[in-house]
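Undergrad:
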Amino acid sequence: MLLAPALSVSAVLFTFGVAGVLLRRNAIVIFMCVELMLNAVNLTFVALAQQLGVAGQIFVFFVMAVAAAEAAVGLAILLAIFRHRQTLNLQNINLLKG
Amino acid sequence: MTPTLIVFWAFAGLAMGSALLCITRRNPVSSALWLVVTLFALAGLFVLLDAQFIAVLQVLVYAGAIMVLFLFVIMLLNIGRATRSDIKGAWGLGVGVLLAGLMMVQLLALRFGAPPQQLTLPPGAMARAAAEQGMVAAVARPLFSTYLVPFEITSILLLAALVGAVVLAKRKL
Chain A
1 MLLAPALSVS
11 AVLFTFGVAG
21 VLLRRNAIVI
31 FMCVELMLNA
41 VNLTFVALAQ
51 QLGVAGQIFV
61 FFVMAVAAAE
71 AAVGLAILLA
81 IFRHRQTLNL
91 QNINLLKG
Chain B
1001 MTPTLIVFWA
1011 FAGLAMGSAL
1021 LCITRRNPVS
1031 SALWLVVTLF
1041 ALAGLFVLLD
1051 AQFIAVLQVL
1061 VYAGAIMVLF
1071 LFVIMLLNIG
1081 RATRSDIKGA
1091 WGLGVGVLLA
1101 GLMMVQLLAL
1111 RFGAPPQQLT
1121 LPPGAMARAA
1131 AEQGMVAAVA
1141 RPLFSTYLVP
1151 FEITSILLLA
1161 ALVGAVVLAK
1171 RKL
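Taken in sequence, the protein lines are chains A and B. Each residue of the first sequence is one higher than the one before, starting from 1 at the first, in this note's numbering. Each residue of the second sequence is one higher than the one before, starting from 1001 at the first, in this note's numbering.
(1) Just tell me which of Val-21/A, Val-29/A, Gly-17/A and Ala-47/A has its CA closest to the CA of Phe-1008/B.
(2) Let me know the secondary structure DSSP gives Asn-26/A once reduced to three states.
(3) Roughly how many whole angstroms lie between the Cα atoms of Val-1166/B and Ile-1079/B?
(4) Could you run through the segment 1129 to 1148 of chain B and flag, in chain order, every residue whose CB is less than 9 angstroms away from some CB of chain A?
(5) Considering only their Cβ atoms, is the gap separating Leu-13/A from Met-37/A smaller than 9 angstroms?
(6) Comparing the C-beta of Ile-1023/B with each C-beta of chain A, is any distance below 9 angstroms?
(7) Is the Cβ of Asn-89/A closer than 9 angstroms to any Cβ of chain B?
(8) Once you ignore the five residues that flank Leu-43/A on each side, which residues in its own chain have a CB closer than 8 angstroms to its CB?
(9) Mapping the DSSP letters down to three states, classify Asn-1078/B as helix, strand or coil.
(10) Which of the three DSSP states is assigned to Asn-42/A in this structure?
(11) Considering only DSSP beta bridges, list what Asn-89/A is partnered with.
(12) Taking only three categories from DSSP, how would you classify Ile-1023/B?
(13) What does Val-1061/B touch in chain A if you count any residue whose Cβ is under 7 angstroms from its own?
(14) Count the C-beta pairs between the segment 53 to 60 of chain A and the segment 1141 to 1154 of chain B that are closer than 8 angstroms, then say yes if the count reaches three, no if not.
(15) Below 8 angstroms on the Cβ atoms is my contact criterion, and I expect Val-66/A with Leu-1157/B to pass it. Report the Cβ-Cβ distance as a whole number of Å.
(16) By a C-beta neighbour count over all protein chains shown, 10 Å radius and 16 as the cutoff for buried, is Arg-24/A buried or exposed?
(17) Would you say Lys-1088/B reaches chain A, if we count a Cβ-Cβ gap shorter than 9 angstroms as a contact?
(18) For Arg-85/A, would you say it is in contact with chain B, using Cβ-to-Cβ distances shorter than 9 angstroms as the test?
(19) With DSSP run on the structure shown, which of helix, strand or coil describes Pro-1150/B?
(20) Spatial neighbours of Val-1139/B within its chain, please: C-beta separation below 7 angstroms, excluding the five flanking residues on both sides.
(21) Please report the distance separating the alpha-carbon of Tyr-1147/B from that of Val-54/A.
(22) How many Å lie between Tyr-1062/B and Phe-82/A at the Cα?
(23) Can a CB atom of chain B be found closer than 9 angstroms to the CB of Ile-93/A?
(24) Leu-13/A touches chain B at which residues, Cβ-Cβ below 7 angstroms?
(25) Taking 9 angstroms as the threshold (C-beta atoms), are Ala-1015/B and Leu-1048/B in contact?
(26) If you follow the alpha helix (DSSP H) that Ile-1054/B is part of, which residue opens it and which one closes it?
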């Protein structure tokens, strides 16, 4: 059975995504790390679908649709930020910082 | 070690290695390209887990559409050149690695849990269903019957994202 190995791979990939979000300062790279986390969760869904029925695979569809919507809106926001501040380094985007 | 397991760990190693490279490269373009390698390796894992149709979608939608969008924006903003490393300093690095390590321990502990016995299908049930009904039909039939309402709601979500992206990215409406 591939369930336990798939769950460990998914855990490692999710952790890499979290580490990327915590460690990087470039907004686009952080965005890509979020995609990595979504993919790790997709792997969990597919691995469990093998034992619990096809609903897990259908959930992956919805995750993909949400990821596509999120990428489109998020990148549009990044474009707008870059147009105003000429940078994507999150240290320089601190308008809400007290 | 069965051949399936060897292929599985080959793809898994590729996915984990390229994910590590993705979060450590300085240049956003190389980060994006390593992420594409991760997505392809994950598609291979999906095939091994009896989800062939999802694997095709993974290559088409993720590696084909979403990552092209990312590369397009990186090149549009002209930030593809390698700059000073944007990884946080010693303090941020230490705290980040510590938190991520804690999370990894917690997630790895979950793999010892098994789904309840009365819910699990017999081994090979998914592969059998795909062989009987066809690879696409096994996924499409429940999607367009049991999960029809969520499917339609997804279309509203995509419409909202479409309008939102145009409004946000346009200079002047």
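Using N, Cα and C, we set each Cβ at its ideal position, and we do this for glycine too.
TA: Reading it off the structure:
(1) For this step, residue 1008/B is matched to residue 8 along the second sequence. Nearest C-alpha to Phe-1008/B among Val-21/A, Val-29/A, Gly-17/A and Ala-47/A: Ala-47/A.
(2) In the first sequence, the residue the question calls residue 26/A occupies position 26. Here DSSP, grouped into helix, strand and coil, assigns Asn-26/A to strand.
(3) Here the question's residue 1166/B lines up with position 166 in the second sequence. Here the question's residue 1079/B lines up with position 79 in the second sequence. Answer to the nearest angstrom: the Cα atoms are 22 angstroms apart.
(4) When CB distances to chain A are screened at a threshold of 9 angstroms, the residues of the segment 1129 to 1148 of chain B falling below it are Ala-1129, Ala-1138, Val-1139, Arg-1141, Pro-1142, Leu-1143, Thr-1146 and Tyr-1147, in chain order.
(5) Residue numbering aside, residue 37/A sits at position 37 when the first sequence is read from its first letter. Residue numbering aside, residue 13/A sits at position 13 when the first sequence is read from its first letter. Yes, the pair counts as a contact, with Cβ atoms nearer than the cut-off.
(6) The residue labelled residue 1023/B in the question sits at position 23 within the second sequence. Yes, Ile-1023/B counts as interfacial toward chain A.
(7) Position 89 of the first sequence holds residue 89/A. By this cut-off, Asn-89/A is an interface position.
(8) Sequence index remark: in the first sequence, residue 43/A carries index 43 (1-based). Closer than 8 angstroms at Cβ, skipping near neighbours: Ala-6, Val-9, Ser-10 and Leu-13.
(9) Locating residue 1078/B in the second sequence gives position 78, where the first residue counts as 1. It is coil, neither helix nor strand.
(10) Position 42 of the first sequence holds residue 42/A. Judged by DSSP in its simplified three-state form, Asn-42/A adopts helix.
(11) For the purposes of this step, residue 89/A is taken as residue 89 along the first sequence, with counting starting at 1. Bridge partners of Asn-89/A: Asn-26/A.
(12) Reading the second sequence from its first residue, position 23 is the one you call residue 1023/B. Looking at Ile-1023/B - three-state DSSP - the assignment turns out to be helix.
(13) Residue mapping note: residue 1061/B aligns to position 61 of the second sequence, counting from 1. Going along chain A in sequence order, the residues near Val-1061/B (Cβ under 7 angstroms) are Met-64 and Ala-68.
(14) With a cut-off of 8 angstroms, the segment 1141 to 1154 of chain B and the segment 53 to 60 of chain A count as touching, because enough Cβ pairs lie within range.
(15) To locate residue 66/A, count along the first sequence from 1; it is residue 66. To locate residue 1157/B, count along the second sequence from 1; it is residue 157. Going by Cβ atoms, the distance from Val-66/A to Leu-1157/B rounds to 7 angstroms, so yes, they are a contact pair.
(16) Here residue 24/A refers to the residue found at position 24 of the first sequence. By the neighbour-count rule (16 or more Cβ atoms within 10 Å), Arg-24/A is buried.
(17) Against the second sequence, residue 1088/B aligns to sequence position 88. Yes - at least one Cβ of chain A is within 9 angstroms of the one on Lys-1088/B.
(18) Translated into the one-based positions of the first sequence, residue 85/A becomes position 85. Judged by the 9 angstroms Cβ criterion, Arg-85/A is not in contact with chain B.
(19) Within the second sequence, the letter at position 150 stands for residue 1150/B. In the structure shown, the three-state DSSP call for Pro-1150/B is helix.
(20) Position 139 of the second sequence holds residue 1139/B. Around Val-1139/B, the same chain offers Phe-1053 as residues with beta carbons nearer than 7 angstroms, after the five sequence neighbours per side are excluded.
(21) Walking along the second sequence from the start, residue 1147/B turns up at place 147. Walking along the first sequence from the start, residue 54/A turns up at place 54. So the alpha carbons of these two residues sit roughly 11 angstroms apart.
(22) One-based indexing of the second sequence puts residue 1062/B at position 62. One-based indexing of the first sequence puts residue 82/A at position 82. So the alpha carbons of these two residues sit roughly 24 angstroms apart.
(23) Numbered from its first residue, the first sequence carries residue 93/A at position 93. Residue contact check for Ile-93/A against chain B: no CB pair falls below 9 angstroms.
(24) By 1-based counting over the first sequence, the position of residue 13/A is 13. Chain-ordered, the chain B residues with CB closer than 7 angstroms to the CB of Leu-13/A read Ala-1015, Met-1016 and Ala-1019.
(25) In the second sequence, counting from the first residue as 1, residue 1048/B sits at position 48. In the second sequence, counting from the first residue as 1, residue 1015/B sits at position 15. The answer is no: Cβ separation not under 9 angstroms.
(26) Numbered from its first residue, the second sequence carries residue 1054/B at position 54. Start and end: 1052 to 1057.
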